[in-house]
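Asker: Handing you this structure, nothing more for now.
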Amino acid sequence: MLWKAFGWESAQPFLAADERSVDPAVPAGHVVLIDEIDKADSDLPNSLLEVLAQRSFRVEPLAQPIGGPQVQPPLIVITTNEERELPAAFLRRCIVLTQQPDPGMSYRDWLVRRGAAHFAELPATSPTASPRRAELIAAVILEKAAEQLVSDRQQVSQLNLPPPGLAEYLDLLYALHELFPGQTGAQQQWLGRLSAYGYLKHGVVAGQSGVSQTRAPIDGLAEPPAERG
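Sequential numbering of the sequence shown, starting at 1, is according to UniProt numbering.
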């Protein structure tokens, strides 16, 4: 990806056929996503700093460097799960955005707002509407899923277990959306059961029924239909 960002034309012959651009024009700019950099080799952040400072790097098949001072630097978006600390010199050169609740807003309301950003209902004439968002999740599902996550966070934190967060919340909503698109009733029925596995990933804790993956339906929601043998 960096090769394409720093040397679009020179990268084309080395790409798979389905990755080559059908437009001969060089893009006006590039956005590069480096996901979960904390899981990469420990020397990657410092190596990346050198590449960005020089705006160039070398690739074995070519004698000349890729890029150069004349290249417009790409916008690089980097994510981390903070499983490993990143070098201080690297962080100083980044704009750091953390996913934290807004001041004065409860964690539950913050989750609902984030869920609404992914699944909130849009008018059919909205310029941001898309087929992917044609089937949406009702507000009651967003709220109940958030309330259950807040409850689970409080209980597992007391046991020094990793608490669920925004990622688990969105994963649950996506699961409900994919399994029962546009079916609020079915989503209500399965919210309690799926959240137990989506939020409580540590399984059953001895003597702690409150954080067990086997639990009663969420208050206010119907019980899932019985499975057929």
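Backbone N, C-alpha and C fix where the C-beta goes; we use that ideal spot for every residue, glycine too.
Values in this document were obtained by computation on a predicted structure and should not be read as measured data.
For a test of your reading of the model: does the CB of residue 70 fall under 8 Å from any non-hydrogen atom of the ligand MG? Yes or no.
Answerer: Judged by which ligands are present, the structure shown has none, so any question about the ligand MG falls away.
Asker: Kindly indicate the opening and closing residues of the beta strand (DSSP E) around residue 33.
Answerer: The residue given as residue 33 occupies position 33 in the sequence shown. That run of the beta strand (DSSP E) goes 31-34.
Asker: Which residues in the same chain have their Cβ closer than 8 Å to the Cβ of residue 10, if we skip the five residues on either side of it in sequence?
Answerer: As a first step, residue 10 is located in the sequence shown; it is residue number 10 there, counting from the start. Within the same chain, residue 10 has close Cβ partners 3, 62, 66.
Asker: Would you mind listing the beta strand (DSSP E) stretches within the segment 56-80 that are 3+ residues and don't spill past its ends, in chain order?
Answerer: 75-78
Asker: Return yes when the Cβ of residue 77 is within less than 9 Å of the Cβ of residue 32, no when it is not.
Answerer: The residue you call residue 32 lines up with position 32 of the sequence shown. The residue you call residue 77 lines up with position 77 of the sequence shown. Contact flag set, yes.
Asker: Let me confirm a value: residue 25 is counted as buried when at least 16 other C-beta atoms fall within 10 Å, else exposed. Which label applies?
Answerer: On the sequence shown, residue 25 is found 25 positions in, with the first residue counted as 1. Exposed: under 16 other Cβ atoms inside 10 Å.
Asker: Starting from the Cα of residue 195, find the closest Cα among 184, 105, 149 and give me that residue.
Answerer: Indexing the sequence shown from 1 puts residue 195 at position 195. Closest by alpha carbon: 149.
Asker: Mark residue 156 as exposed unless 16 or more other C-beta atoms lie within 10 angstroms of its C-beta, in which case mark it buried.
Answerer: Translated into the one-based positions of the sequence shown, residue 156 becomes position 156. Flag for residue 156 reads buried.
Asker: Name the two residues that bound the continuous alpha helix (DSSP H) containing residue 27.
Answerer: On the sequence shown, residue 27 is found 27 positions in, with the first residue counted as 1. Taken as a continuous stretch (DSSP letters only), residue 27 belongs to no alpha helix (DSSP H), as it is neither H nor E.
Asker: Would you tell me roughly how many angstroms separate the C-alpha atoms of residue 58 and residue 44, rounded to the nearest one?
Answerer: Looking up residue 58 in the sequence shown gives position 58. Looking up residue 44 in the sequence shown gives position 44. Cα-Cα distance, rounded: 15 Å.
Asker: In three-state terms, what does DSSP make of residue 173?
Answerer: The residue you call residue 173 lines up with position 173 of the sequence shown. The answer is helix: DSSP assigns residue 173 an H, G or I state.
Asker: Hey, could you find the ends of the alpha helix (DSSP H) residue 46 is sitting in?
Answerer: Start at 1 with the first residue of the sequence shown, and residue 46 comes out as number 46. Start and end: 44-54.
Asker: Please go through the same chain and pick out, in chain order, the residues whose beta-carbon is closer than 8 Å to the beta-carbon of residue 87, but skip the five residues on each side of it.
Answerer: Here residue 87 is taken as the residue at index 87 of the sequence shown, counted from 1. Here the set comprises 45, 46.
Asker: Let's see if you can read the secondary structure: which residues bound the alpha helix (DSSP H) around residue 195?
Answerer: Sequence index remark: in the sequence shown, residue 195 carries index 195 (1-based). Run containing residue 195: 184-199, per the alpha helix (DSSP H) assignment.
Asker: Return the CA-CA distance between residue 124 and residue 49, expressed in angstroms with no decimal places.
Answerer: Position 124 of the sequence shown holds residue 124. Position 49 of the sequence shown holds residue 49. Its pLDDT being 48, under 50, residue 124 is placed unreliably by the model, and nothing is read from it.
Asker: Taking the straight line between their C-alpha atoms, what separation do you get for residue 128 and residue 118?
Answerer: As a first step, residue 128 is located in the sequence shown; it is residue number 128 there, counting from the start. As a first step, residue 118 is located in the sequence shown; it is residue number 118 there, counting from the start. With a pLDDT of 49 at residue 128, under the threshold of 50, the modelled position of this residue cannot be trusted, and the question is left open.
Asker: Going by beta carbon distance, what residues of the same chain come within less than 6 Å of residue 30, once the five residues before and after it are set aside?
Answerer: Walking along the sequence shown from the start, residue 30 turns up at place 30. Within the same chain, and ignoring the five residues on either side of residue 30 in sequence, the residues whose Cβ sits closer than 6 Å to its Cβ are 5, 74.
Asker: On the premise that residue 141 lies in contact with residue 191, defined as a C-beta separation below 8 Å, what is that separation, rounded to the nearest angstrom?
Answerer: Numbered from 1 along the sequence shown, position 191 holds the residue referred to as residue 191. Numbered from 1 along the sequence shown, position 141 holds the residue referred to as residue 141. About 6 Å; that satisfies the 8 Å criterion.
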